[in-house]
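Numbering (the working numbering), first residue to last: 768 to 932. A quick write-up on the structure given underneath.
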């Protein structure tokens with residue numbers, strides 16, 4: 768069996784400097800590519816990060832919360848992908864492991880009113896390629912209150928969309 772090697776190169780740029788969330792303190796003075804900041808909460812508070820993301824580009828990676836560690840219970844995460852007009856989006860799972868009642872829904876458009884491309888749980892998305900006919904994709908990751916698993920690492924890329932001809 769022939770093996771293919773895929774190399775993806777990213778141009779890293781620093782983000783804006785994050786403010787410390789309410790009732791917490793930030794540790795770390797430098798904020799650039801490769802720097803590490805930590806946040807800790809005052810007694811009686813806990814830090815919760817939002818999950819999901821909105822990305823614009825021709826390729827990238829989406830991760831479930833805490834990946835590669837297990838995601839937590841009771842998540843509802845929204846991911847939005849937008850690429851160049853006239854192009855579609857191809858989505859593949861490098862890793863996909865959800866609990867039976869947790870799922871990822873993928874829509875062909877910019878919200879959950881768009882056409883449903885699929886709803887996936889456990890390892891169902893492995894070895895699949897999900898293609899949109901539009902230049903946007905909407906994903907909803909829902910985890911219930913029971914057990915958790917590792918989650919997912921998804922790769923997306925633009926593709927020539929023959930549906931627009």
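Idealized CB from N, CA, C, for every residue including glycine. In this text, all values refer to a predicted model and were calculated from it rather than measured experimentally.
Residues that residue i bridges to, as DSSP identifies them
i, result
"residue 920", "830, 862"
"residue 794", "805"
"residue 869", "Partner(s): none; residue 869 has no beta bridge."
"residue 875", "882"
"residue 906", "846, 873"
"residue 901", "In DSSP, residue 901 forms no bridge with anything."
"residue 857", "898, 924"
"residue 819", "845"
Rounded straight-line distance, which links the Cα of residue j to that of residue i
i, j, result
"residue 892", "residue 853", "26 Å"
"residue 895", "residue 833", "23 Å"
"residue 768", "residue 827", "Per-residue confidence for residue 768 stands at a pLDDT of 49, beneath the threshold of 50, marking its modelled position as unreliable; the derived number appears in the next sentence. Residue 768 and residue 827: Cα-Cα distance of roughly 27 Å."
"residue 869", "residue 851", "31 Å"
"residue 914", "residue 795", "34 Å"
"residue 931", "residue 875", "Confidence is the limiting factor: at residue 931 the pLDDT is only 43, short of 50, which leaves the residue's position unreliable and the question unanswerable from this model."
"residue 887", "residue 840", "17 Å"
"residue 872", "residue 916", "17 Å"
"residue 879", "residue 910", "17 Å"
"residue 867", "residue 920", "18 Å"
"residue 884", "residue 908", "14 Å"
"residue 890", "residue 865", "7 Å"
"residue 918", "residue 821", "18 Å"
"residue 882", "residue 838", "27 Å"
"residue 912", "residue 831", "16 Å"
Nearest candidate by alpha-carbon position, reference residue i, set the options
i, options, result
"residue 905", "894, 844, 836", "844"
"residue 859", "897, 903, 918, 917", "897"
"residue 836", "923, 907, 909, 863", "863"
"residue 901", "877, 889, 865", "877"
Residues near residue i in its chain [Cβ-Cβ closer than 8 Å; skip 5 each side]
i, result
"residue 926", "854, 855, 856, 857, 898"
Residues near residue i in its chain [Cβ-Cβ closer than 6 Å; skip 5 each side]
i, result
"residue 819", "844, 845, 846"
"residue 849", "823, 903"
"residue 924", "826, 857"
"residue 829", "846, 921"
Distance cut-off 7 Å: residue i Cβ against heavy atoms of the ligand PLP
i, result
"residue 805", "Among the ligands in the structure shown, none appear at all, so the ligand PLP cannot be discussed."
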